[in-house]
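Numbering (the numbering used here), first residue to last: -3 to 355. The structure under discussion appears below in the form of structure tokens.
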Amino acid sequence: MKPGYVAACGILLLPALAAFSVFAAETESPIGVENVAPGVYAVISRDPLGLANHSNAVFIVNDEDVVVVDTQFTLKRTRTVLAALRNITDKPVSVVINTHWHDDHTFGNQVYRNAFPGAEIIAQTFTREDMATIGVENRERQVEGGPGAIAMFRDAINKGTSLDGTPMSDGERAAYQSTIAIAEEYLGEMPAFSLTLPEKTFDDVITLTRGARVIEIRHFGSGITRGDAVVFLPRESVLVAGDLVDNPLPFAYGCDVSGWIDALARIRMMDADVIVPGHGAVMRNDLQVVMLEEALTSIRQQATDAVARGETLEQARAGAKMDDFSGAMAGGSKMKRFLFEEYFLGPAMTSAYNAASSR
């Protein structure tokens, strides 16, 4: 698959593959809803693993209101998530939290604004700034490049050949089909889209209280973006990680490797019983966090060593030894191995190499 499409179109992230659902009879539902603590629900995307993916969401149902973490890549999917909330409670949404600026975590903000005009959207200061600048520019590139990318994937499906010229696997076919569906939905909604920015921002931490419930929104510095936020419920020991943690495959375009490593260490120190990743299944231990931290640390060291040897970025990436991590995160899946190489290793090595070169 062509990294140029990934970079130009920003169709970027990883879905969940399974979750316990309160919609057990609705096997065709694109989402699963898992009750992870009293009054706390993780909404997990069930889309096939693809190049366009919706984010997870979280409902925090309080005595009188609901706090929602993250909206989705399209208005339609965000409405589906809101309908799932209505199956749980009719309490109003008072707050929507955006964990970072990416469209798959913010595009659906207007759905909540329209449904709950008094709801307040909260994000880290840099996230609001980036939604209004980088986010707009990224969306324009997606609109420009999207039709060509859709045609490319359709052609590949018709030929039964992956974009790298090899026979298409079942996982790749499902990924391409899902990518087409989400991209078409996203592009088709552009005339109705209204950029809906957070009204309230914070720098390091902001705390919401709802009766006995405490909701901490924290910023640990640059990681995936410069405005990453995590949401922590200390009484329930639930942490919502945004894209600082994805399961099983992380996304690294635009990342700060050293900052990301530091943020993961801070997440581990919070010792949460439940971690809801930005994409992927709910976790009840920190094994994925530890593995991601170790993988990034390895990339940083290998990049530093490559710079010391006078190697180019291309040489550093080609010589990277990451088979153990690739095997653990991607297994034998051809699609997942592509995503590991192009969505994680490549951009993370670029970040680490550039940082080492500037020292």
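Where a beta carbon is used, it is the ideal one built from N, C-alpha and C, also for glycine. Model, not experiment: these values are computed from the prediction.
Check: Along the alpha helix (DSSP H) that carries Q297, what are the first and last residues, could you check?; Outcome: L283 to A304
Check: What's the C-alpha gap between R313 and L245?; Outcome: 18 Å
Check: Once DSSP output is grouped into helix, strand and coil, what is the label at S174?; Outcome: helix
Check: Using 8 Å for Cβ pairs, my map puts V253 next to L204. What's the rounded Cβ distance?; Outcome: Going by Cβ atoms, the distance from V253 to L204 rounds to 31 Å, so no, they are not a contact pair.
Check: Just the Cα atoms here: how many angstroms apart are A152 and S158?; Outcome: 6 Å
Check: How many angstroms separate the CA atom of N110 from the CA atom of E116?; Outcome: 12 Å
Check: Going by C-alpha to C-alpha distance, which of T74, V132 and M148 sits closest to N52?; Outcome: T74
Check: So does the segment 300 to 319 actually touch the segment 271 to 282, counting three or more Cβ pairs closer than 8 Å?; Outcome: no
Check: DSSP beta-bridge partners for L204?; Outcome: I211
Check: So, does the segment 260 to 277 touch the segment 121 to 139, judging by three or more C-beta pairs under 8 Å?; Outcome: no
Check: Would you call R355 buried or exposed, if buried means 16 or more other Cβ atoms sit within 10 Å of its Cβ?; Outcome: exposed
Check: Could you spell out the range, first to last residue, of the alpha helix (DSSP H) harbouring E136?; Outcome: I130 to K155
Check: Is it a yes or a no for the segment 212 to 223 touching the segment 134 to 142, going by three-plus beta-carbon pairs under 8 Å?; Outcome: no
Check: Would you tell me roughly how many angstroms separate the C-alpha atoms of E338 and I27, rounded to the nearest one?; Outcome: 26 Å
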